[in-house]
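Notes follow the structure.
Protein chains: 2
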Amino acid sequence: MNSTRDMLGRGGLLSVRQAVEVITAQLAGRTLASESLPLAEAFERILATRLLSPVNLPAESRSTMDGFAVRATDTFGASQGSPCYLTISGEVRMGEAPQGEVAPGNCHKIPTGGLLPTGADAVVMLEDTVEVDATMIEIVKGVPVWGNVIRPGEDIAAGALALDAGSTLRPQDIGLLAGLGMASVEVYRQVRVGILSTGDEIVPHHETPRPGQIRDINSLALAGQVRQAGGIPHILPIVSDREEIFLPALREAVAANDLVLFSGGSSVGARDLGERAIATLGPPGILVHGVALKPGKPIIFGMSGPTPIFGLPGHPVSAMVCFDLFVRPAMALLAGRRGDDLPLPHVTATLRRNLNSAAGRRDIVRVRLEQSDQGWVAEPVLGKSGAISTLSRAHGWFVINESSQGLTENSLIEVFLYS
Amino acid sequence: MNSTRDMLGRGGLLSVRQAVEVITAQLAGRTLASESLPLAEAFERILATRLLSPVNLPAESRSTMDGFAVRATDTFGASQGSPCYLTISGEVRMGEAPQGEVAPGNCHKIPTGGLLPTGADAVVMLEDTVEVDATMIEIVKGVPVWGNVIRPGEDIAAGALALDAGSTLRPQDIGLLAGLGMASVEVYRQVRVGILSTGDEIVPHHETPRPGQIRDINSLALAGQVRQAGGIPHILPIVSDREEIFLPALREAVAANDLVLFSGGSSVGARDLGERAIATLGPPGILVHGVALKPGKPIIFGMSGPTPIFGLPGHPVSAMVCFDLFVRPAMALLAGRRGDDLPLPHVTATLRRNLNSAAGRRDIVRVRLEQSDQGWVAEPVLGKSGAISTLSRAHGWFVINESSQGLTENSLIEVFLYS
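In order, the protein sequences belong to chains A and B. All the letters of the first sequence, read from the start, carry residue numbers 2 to 420 under the numbering used here. All the letters of the second sequence, read from the start, carry residue numbers 2 to 420 under the numbering used here.
Shown next, in the form of structure tokens:
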């Protein structure tokens with residue numbers, strides 16, 4: 002890390018990519034323990050084991066249509082001009098094993114989902130039949146073998162991969178596991194995140210600040226982001242940024258949580274305090290001292306043994322942008338979440354104004370979206386990074402990369418939506 | 002609705018758009034009651050009132066930089082070649098009201114976030130100063146009036162719109178309301194959704210089915226979708242599709258919930274039973290009898306007084322697609338959620354194979370996404386609509402519209418991601 006230190010021994014700025022690499026290197030292989038949960042409680046949790054299907058789904062051949070279970074060969078060549086005739090020798094009822102066998106020249110009435118009776122190997126749709134009388138039908142269209150039938154294991158076969166470890170359990174995944182009869186599943190523990198707001202000027206949001214004081218915005222905003230990321234937020238009492246008070250509070254937060262966020266003032270003094278505290282709680286101690294990012298430059302990161310600690314900027318917008326770029330991927334590693342191979346969904350929009358940026362720095366620009374005749378238009382929500390209303394008014398954000406010095410009006414941009 | 006009935010008096014198919022219009026017309030103005038919640042518990046809830054800011058945020062002028070609070074006119078014209086000199090007459094501390102006034106020719110040291118002292122109207126950044134001695138600084142760059150200062154109400158002014166009714170409270174919105182000192186907020190009640198699986202062949206997922214029986218997939222899968230949509234799912238016991246058992250169970254579900262979903266077999270018999278039951282529980286009774294949609298055609302919809310009832314197809318994939326297209330917007334209306342003006346985020350991908358569709362029908366095609374040299378490639382996950390594994394293997398879905406008879410390989414498509 003020496004190369005990132007400046008002449009005063011202070012850490013230099015890493016690029017966003019470098020900072021993510023440092024964080025990733027520290028947390029790789031540190032996935033939390035797992036726990037067993039009833040399937041009905043596992044929604045949005047992360048699977049800790051690779052699950053193979055213990056059964057064939059469906060277990061038996063079933064009809065996918067209302068119609069008649071037949072021997073397919075009996076229907077070959079049937080058409081409007083040259084129909085074939087079959088005797089109705091039985092009826093399949095839902096939820097019951099079918100009675101009797103379908104002999105050549107015979108058929109059984111069968112509902113959608115009904116179990117295919119012995120002898121039958123296809124279902125003729127009701128629409129392709131004409132009732133002759135109560136005991137006979139005319140078939141006006143032939144059906145191939147296994148036509149209108151779902152075969153054992155055709156949904157998923159016994160022994161096939163049902164879901165891989167690291168999958169987030171979406172509604173359809175829970176549905177699949179229900180179909181396979183899994184009463185419980187092994188999932189990773191949720192990441193417990195301690196959230197510490199520091200600063201002698203900060204008061205809880207429900208109190209009235211005296212002159213010079215401000216209300217705590219970051220604790221609740223970060224708690225919401227932690228929940229969005231699947232974690233369990235623990236909002237800790239606001240602490241002074243005097244070292245003798247802050248350091249023990251941070252130590253306690255590290256002991257009680259899987260990951261700790263603190264956010265303090267954005268002054269040089271506050272940042273120095275944070276760096277000293279993380280260094281003291283190491284090794285490995287402080288690892289990232291600021292990132293070439295706007296907003297979010299003063300972020301610091303380090304480890305106290307196995308526990309990652311992020312010192313987020315005090316400005317709410319900066320803190321929340323840093324959460325998205327650095328804390329969310331760190332939580333994904335602890336939580337065992339896979340899925341980085343999927344794209345971030347976005348909308349393409351036209352930028353409504355010129356925007357300058359500095360080369361070598363990544364800018365995260367918040368925008369409002371409006372529909373126009375030409376599609377979506379993105380209006381940057383400008384404002385100081387302390388202004389939480391800019392983030393509340395934004396629908397999404399886009400990136401101006403390190404290689405760019407800005408964008409001109411009417412550029413096409415990819416906007417990621419806040420959820 | 003007469004025009005949608007066929008010659009047998011059965012309902013004809015509506016288009017997806019028509020069905021959504023019927024549902025919307027029934028539920029407009031039926032938003033649930035509101036309740037008051039502590040702000041910390043309101044994450045992802047929907048605001049029931051329009052909130053104006055009760056205060057200026059920030060309340061006072063604050064520095065956005067570490068530096069010196071000055072009278073801007075004292076610095077006008079200052080440069081490296083022609084610096085100006087100011088006497089340090091005080092220091093602002095965080096969390097305290099500033100002491101004394103900044104007189105002409107003087108300055109006060111100030112940290113980021115510090116309260117601007119009386120007399121000062123700008124802050125010179127530390128980087129633009131040189132310390133002469135403990136009592137004097139040299140300023141090498143002039144600062145305009147209110148430079149490096151955030152003014153009272155500049156984030157949000159007293160009386161300005163903070164958040165509109167119908168907003169879903171995202172982390173940054175909770176942060177904004179914290180900054181405004183809102184200890185509690187009025188939000189709409191969450192939609193209680195009764196989920197009823199019907200069919201003599203259905204057994205709970207944790208039981209072992211006998212021949213002819215199948216495990217209940219829809220209850221857990223739909224419960225997950227209800228939670229995703231911000232509602233509270235109530236999974237009810239599985240009931241027989243015999244009318245004398247099903248009808249009282251449905252009546253009870255309607256009485257105890259804000260919206261009811263039942264899913265049964267996809268046979269004509271099961272659908273008829275559902276239509277009769279909704280008609281019996283009316284008025285208004287049954288309103289949608291099937292939609293030109295694949296999968297999902299057999300969906301039915303009606304109202305029992307103020308309570309919407311959806312009869313979803315028994316096939317899990319069909320049921321879940323119908324949830325996304327019809328139940329989710331219905332829940333949004335009951336929940337008072339705005340935001341339909343925002344685009345659905347998506348990714349653009351190349352379709353890997355030819356796909357046929359029928360004109361006049363909307364197809365929802367599930368796909369897996371893979372990255373290639375040319376960007377994202379979408380591979381359709383084909384399979385019968387009873388096959389839940391097709392949905393579990395899918396990353397997202399795209400639409401083949403009513404006007405199209407299919408798409409050719411290498412078409413560009415917009416894929417919406419499952420979350």
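Ideal Cβ positions, reconstructed from N, Cα and C, are used throughout, including at glycine. Please read all numbers here as calculations on a predicted model, not as lab measurements.
- Contact with chain A is found for Thr-209/B, since one of that chain's Cβ atoms lies less than 8 Å from the residue's Cβ.
- The shortest CA-to-CA distance from Ile-414/A to any of Arg-338/A, Ser-80/A and Glu-380/A is the one to Glu-380/A.
- Among the residues facing chain A, Ser-390/B is included, as its CB has a counterpart in that chain under 8 Å away.
- Glu-202/B has a beta carbon lying within less than 8 Å of a beta carbon in chain A.
- For Phe-44/B, the nearest beta carbon of chain A is closer than 8 Å to its own beta carbon.
- When secondary structure is reduced to three states using DSSP, Ser-16/B falls in the coil class, being assigned neither helix nor strand.
- Contact between Leu-164/A and Asp-174/A holds: CB atoms are separated by about 6 Å, below the 8 Å threshold.
- The C-beta of Arg-216/B comes closer than 8 Å to at least one C-beta of chain A.
- Here the region 283 to 291 of chain A does not lie against the region 248 to 255 of chain A, with fewer than 3 beta-carbon pairs under 8 Å apart.
- Minimum Cα-Cα distance from Leu-197/B among the listed residues Gly-78/B, Pro-314/B and Val-416/B corresponds to Pro-314/B.
- For the pair Leu-38/A and Arg-46/A, the CB atoms are nearer than the 8 Å cut-off.
- Per DSSP, Thr-32/B is not a residue of any beta strand (DSSP E), being assigned neither H nor E.
- Under the 8 Å criterion on CB atoms, Glu-97/A is classed as interfacial with respect to chain B.
- For Gly-312/A, the enclosing beta strand (DSSP E) begins and ends at 308 to 313.
- For Ala-41/B, the chain A residues whose Cβ falls inside 7 Å of its Cβ are Leu-221, in order along the chain.
- The C-beta distance from Val-188/A to Leu-260/A rounds to 18 Å, too long to fall under 8 Å, and the pair is not in contact.
- In the three-state reduction of the DSSP assignment, Met-137/A falls in the strand class.
- Around the beta carbon of Gly-361/A, a 10 Å sphere encloses fewer than 16 other beta carbons of the protein chains shown; the residue is thus reported as exposed.
- Secondary structure at Pro-172/B: helix, using DSSP grouped into helix, strand and coil.
- Exclusion of the five residues before and after Arg-353/B leaves Val-378, Ala-379, Glu-380 and Glu-410 as the residues of its chain whose Cβ lies within less than 7 Å of its Cβ.
- Between Trp-398/B and chain A, the shortest Cβ-Cβ separation is not below 8 Å.
- Linking Val-186/A to Val-192/A through their CA atoms gives a straight-line distance of about 18 Å.
- Taking 8 Å as the upper bound for CB-CB distance, Asn-57/B and Pro-153/B are in contact here, some 4 Å apart.
- In the three-state DSSP reduction, Asn-219/B falls in the helix class (H, G or I).
- For the region 349 to 398 of chain A, the continuous beta strand (DSSP E) assignments of 3+ residues that do not extend past its boundaries occur at 363 to 373 and 376 to 381, in sequence order.
- Annotation: the continuous beta strand (DSSP E) that includes Ser-185/A extends over 185 to 189.
- Per DSSP, the continuous alpha helix (DSSP H) segment holding Pro-330/B begins and ends at 329 to 336.
- Contact between Gly-265/B and Gly-275/B holds, with the beta-carbon distance rounding to 6 Å and staying under 8 Å.
- Residue state for Glu-102/A is assigned as strand, using DSSP reduced to three classes.
- Secondary structure note for Thr-281/A: its alpha helix (DSSP H) is the uninterrupted segment 269 to 282.
- When Cβ-Cβ separations below 8 Å define contact, Val-348/A makes contact with chain B.
- Between Ile-389/A and Val-366/A, the C-beta spacing is not below 8 Å.
- Out of Ala-79/A, Ala-135/A, Asp-134/A and Val-150/A, the CA that lies nearest to the CA of Ala-121/A is found in Val-150/A.
- For His-206/B, the closest C-alpha among the options Met-183/A, Ser-16/A and Gly-376/A is that of Met-183/A.
- Scanning its chain for C-beta atoms nearer than 6 Å, with the 5 sequence neighbours on each side dropped, one finds around Gly-384/B the residues Thr-391, in chain order.
- Its chain contains Val-17 and Arg-363 as the residues whose beta carbon lies nearer than 6 Å to that of Leu-294/A, once the 5 sequence neighbours on both sides are disregarded; these appear in chain order.
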